[in-house]
Amino acid sequence: MGRILRGLAGGGDLRVVAAETTDVVEEARRRHGLSPTATAALGRAMTGALLLAQLLLKTPKERITLRVEGTGPLGGILVEADPQGNVRGYVKNPRAEVPLREDGKLDVGTLVGAGVLRVDRSLPNGEVYTSTVPLVSGEIAEDLAHYLWQSEQIPSAVLLGVRVKGEGEVEVAGGVAVQVLPGAKEEVLGRLEANLQALPGITPLLRERGLEGALEALLTGLGFERTDLRALGYPQNEIPARFRCRCNREKALEALVFFTPEEREEMIVKEGGAEVVCHWCGEVYRFSPEEVRSLVAEVRCPDCGALWLYPKGDGTLARIEGETCRCGRKVELPSETRPQA
C-alpha cells in the first residue's frame, strides 16, 4: 500500500502534497501486463491523479479523471482517483514499447506522443467539469503542471517518477506537487526554484532517501510542516494510497445489456455463458447461461450504476437526460432501442 503526505512550506506560502506509490504502480503493472515504459507512463499518471485529487477536490464523494490522448504507440491513458487515496487506471496498448532515450532513461514522451490532456472533475451532485490542454511533453509531470496553470490558474511544480528493475517490476514510484499560494514572497519562490534546479530528479531521491528524504531535499530552507491528518481520521498521519477499482460482479453482468439478445444468445451457444473483463483493473467475471438470460431491458452505467435506460409502465422506454452520466462517462445505449425522453 502507498501513502500520501500533506503540508505547508515557506512559512505558509507553499502547499505540498507528496505520494509514495510503489505498491500501487506495481499492482497496476501486474494486473495489466505492462511493458516497462508503459508502466512508467501509467505509474506517473496514477501518482499525478492522486496528487491532483488532494489539491483540487473538496469532498470525499468527488473524483478526478485524467485522460491522456496521444499519438504515440501507447494509444492513451485513463486514470481515476479520489481524495481517499483510491486510484485505478489503464492504457490502451499495455505492451507498447519504444527504445530508451540517449541518457538511458525510459522514453515516456515518445510512447505517449503529441496530443491533449483532459481532466474531468466529478462533483457529488453529478456535475462534471472538464478542462482540456495540449500535452507539453508527454512526460506527464510537465503536462500536469501546465494544466494546473492554464486551467486552474495555480502555479505549481509537479515531480513524478517511476523506476523499474529486472523483468519490469517497479522498484520505486512516487511524486510531489508544490502549489504556490497567493501572495507568496519572492524569496520563497527563489529558494524553491533554486532547489528544483539542484535536484538530480525525483526518482533517484525516492530510491535513495525515501519520500521524507525527497521532501527534505526539495524543500531545503523552506521549513516543511506536515499537516496533522489524524484529526481527519488517519491514525498514521498519512492517507493510504491503493489501487482500487469500483467494478463488481453485478456491474459486469449489467454491462452485457449493451449486447443485443441475439449476441448474448450466441455467447451462450459458443462459450457456454459470457465473460466480462474490466478495462480498469483486468478483473475477469464469468456468467452462466441462466445469469445471461436473466437480463431485462434496462441499462445502467458500468462505472457508477446510474440508470440510463428503463421500461415505463406503458411499455415505452425512458432514458437519462443528456449525453454524460453523473460520473462523467459518456452515455452509450444499445443500438436496437429507441428510447423516449
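All the letters of the sequence shown, read from the start, carry residue numbers 1200 to 1540 under this note's numbering. A virtual CB, placed ideally from N, CA and C, is assigned to each residue, including glycine. Here the structure is a predicted model, which means the values were calculated and not measured.
Compute the beta-carbon to beta-carbon distance between residue i and residue j, rounded to the nearest angstrom, for a pair I have assumed lies under 8 Å.
| i | j | result |
| --- | --- | --- |
| Gly1247 | Ile1339 | 6 Å |
| Met1245 | Val1286 | 5 Å |
| Val1375 | Leu1347 | At roughly 13 Å, the Cβ-Cβ gap does not stay under 8 Å, so Val1375 and Leu1347 are not in contact. |
| Glu1219 | Gly1373 | 5 Å |
| Ala1237 | Pro1293 | 6 Å |
| Ala1208 | Phe1423 | 5 Å |
With DSSP as the reference, label residue i as helix, strand or coil.
| i | result |
| --- | --- |
| Leu1391 | helix |
| Ala1430 | helix |
| Glu1366 | coil |
| Ala1295 | coil |
| Val1357 | strand |
| Ala1383 | coil |
| Arg1243 | helix |
| Gly1201 | strand |
| Gly1486 | According to the sequence provided, residue 1486 is Phe. The question's Gly does not apply to it. DSSP places Phe1486 in strand when its eight states are reduced to three. |
| Ala1208 | strand |
| Gly1225 | In the sequence on display, residue 1225 carries Glu and not Gly. Glu1225 falls in the helix class under three-state DSSP. |
Residue range of the alpha helix (DSSP H) that residue i falls in?
| i | result |
| --- | --- |
| Glu1462 | 1460-1470 |
| Ser1350 | 1340-1351 |
| Leu1452 | 1448-1454 |
| Arg1445 | Run containing Arg1445: none; DSSP gives neither H nor E here. |
| Leu1310 | 1307-1311 |
Name the two residues that bound the continuous beta strand (DSSP E) containing residue i.
| i | result |
| --- | --- |
| Ile1401 | Looking at the DSSP string, Ile1401 is not in any beta strand (DSSP E); the run it does join, the alpha helix (DSSP H), is 1401-1417. |
| Arg1441 | 1438-1442 |
| Glu1219 | 1213-1219 |
| Glu1474 | 1473-1476 |
Provide the residue(s) that pair with residue i in DSSP beta bridges, ordered along the chain.
| i | result |
| --- | --- |
| Val1278 | Leu1265, Gly1288 |
| Asp1319 | Thr1264, Thr1329 |
| Leu1508 | Val1498, Arg1518 |
| Gln1378 | Arg1214, Ser1355 |
| Val1371 | Arg1362 |
| Gly1314 | Gly1269 |
| Glu1424 | Leu1207 |
State yes or no: is the C-beta of residue i nearer than 7 Å to some heavy atom of the ligand NAP?
| i | result |
| --- | --- |
| Ser1487 | With respect to the ligand NAP, the structure shown offers nothing to examine, as it has no ligands at all. |
Would you check if there are 3 or more beta carbon pairs closer than 8 Å linking the region 1320-1332 to the region 1519-1527? yes
Quick test of the definition: if touching needs 3 or more C-beta pairs under 8 Å, does the region 1447-1455 touch the region 1426-1436? In this structure the region 1447-1455 does not lie against the region 1426-1436, because fewer than three pairs of beta carbons, one per stretch, are closer than 8 Å.
At least 3 beta-carbon pairs within less than 8 Å: the region 1251-1267 vs the region 1312-1322: yes
Is the number of C-beta pairs between the region 1211-1218 and the region 1374-1392 that are closer than 8 Å three or more? yes
Would the region 1378-1397 count as touching the region 1407-1427 if we require 3 or more Cβ pairs under 8 Å? yes
Pair every Cβ in the region 1432-1448 with every Cβ in the region 1463-1474, then say whether three or more of these pairs are closer than 8 Å. When Cβ pairs closer than 8 Å are counted between the two stretches, the region 1432-1448 is seen not to touch the region 1463-1474, the count staying below three.
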